[in-house]
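Quick note, the sequences are listed as chains A and B, same order. Residues in the first sequence are numbered from 804 upward in steps of one, following my numbering. Residues in the second sequence are numbered from 2 upward in steps of one, following my numbering. Reading through the C-alpha cells given below for one structure.
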Amino acid sequence: MIVFSLFVSTVFAVLTRDDPKEQIVFGARLFGGFIGAGILIGWLLYPLPL
Amino acid sequence: MRAAAADRTQTSSLTYLLCAVAWFVPGGGHLWLGRRQKGIVFLVALTLMFVFGLWLEGRLFPFDMTQPLVALSAIADLGVGGPYFIARLMGAGRGDVVAITYEYGNTFIIAAGLLNMLVVLDVFDIAKGRK
Numbered sequence: 804m805i806v807f808s809l810f811v812s813t814v815f816a817v818l819t820r821d822d823p824k825e826q827i828v829f830g831a832r833l834f835g836g837f838i839g840a841g842i843l844i845g846w847l848l849y850p851l852p853l
Numbered sequence: 002m003r004a005a006a007a008d009r010t011q012t013s014s015l016t017y018l019l020c021a022v023a024w025f026v027p028g029g030g031h032l033w034l035g036r037r038q039k040g041i042v043f044l045v046a047l048t049l050m051f052v053f054g055l056w057l058e059g060r061l062f063p064f065d066m067t068q069p070l071v072a073l074s075a076i077a078d079l080g081v082g083g084p085y086f087i088a089r090l091m092g093a094g095r096g097d098v099v100a101i102t103y104e105y106g107n108t109f110i111i112a113a114g115l116l117n118m119l120v121v122l123d124v125f126d127i128a129k130g131r132k
C-alpha cells in the first residue's frame with residue numbers, strides 16, 4: 804500500500820502541478836491522504852466478519 | 002519547467018504523433034515537448050510500477066470480450082504502451098492466481114496503464130496549447 808501510494812501520488816503531483824515545490828507539497832499531502840485513508844478504512848472494516 | 006517548444010501549439014498530425022509516442026514510451030511525450038523533469042519522472046515511476054506489478058505475479062489480461070471485466074483490465078494493461086509489448090514478448094505477465102500477491106500485482110499493472118493514459122491526455126492538452 805505504501806509503495807503503491809508513493810507511485811500514484813508522485814505521478815499525480817507531477818501531472819497536476821508545474822512548480823517543483825508545489826509538486827512536493829501536493830505529493831506529500833496526497834501520499835499522507837492515501838495512507839491515512841487506508842488505515843481509517845482498515846479500522847472501519849475491522850469489526851466486520853469475513 | 003516549460004521549454005519554448007512546449008509552449009507552441011502543435012499541428013494536428015503532430016499532436017496525434019506526440020500522443021502515440023507518449024503512450025508507447027511513458028513520459029516520452031513530455032520529453033519531446035521539452036518538459037524533461039516531468040518526462041523523466043513519468044518514465045521512471047510508470048515503468049517501475051508496471052515492472053513491480055509483474056514481479057508481484059500480476060497478470061497481463063487477455064482481450065476476452067465474453068468477460069467484460071477481463072476485457073476492461075486488458076485495455077487498462079495496454080495503456081502503459083511499450084513496456085506491455087516488451088513484457089508480452091518476454092513471456093512475462095502470465096500471473097500466478099494462487100500467489101498471495103496476485104491481486105496486488107494486477108492493481109499495480111492496471112494503475113500504471115491508467116495513469117499513463119492520463120499522461121497521454123496531459124500531452125494532448127500541452128500540444129493543443131491549453132496548458
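Don't be surprised by glycine CBs; every beta carbon is placed ideally from N, CA and C.
| query | result |
| --- | --- |
| Contact with chain A by residue 39 (chain B), beta-carbon distance below 7 Å | yes |
| Span of the alpha helix (DSSP H) around residue 103 (chain B) | 103 to 128 |
| Cross-chain neighbours of residue 108 (chain B) in chain A, by beta carbon under 8 Å | 807 |
| Residue-level contact to chain B via CB, residue 833 (chain A), 7 Å cutoff | no |
| Residues sharing a beta bridge with residue 60 (chain B), DSSP | B:95 |
| Cross-chain neighbours of residue 112 (chain B) in chain A, by beta carbon under 8 Å | 807, 810 and 811 |
| Residue 813 (chain A) burial status per 10 Å Cβ neighbour count (16 or more: buried) | buried |
| The segment 40 to 51 of chain B / the segment 72 to 90 of chain B touching (three or more Cβ pairs under 8 Å) | yes |
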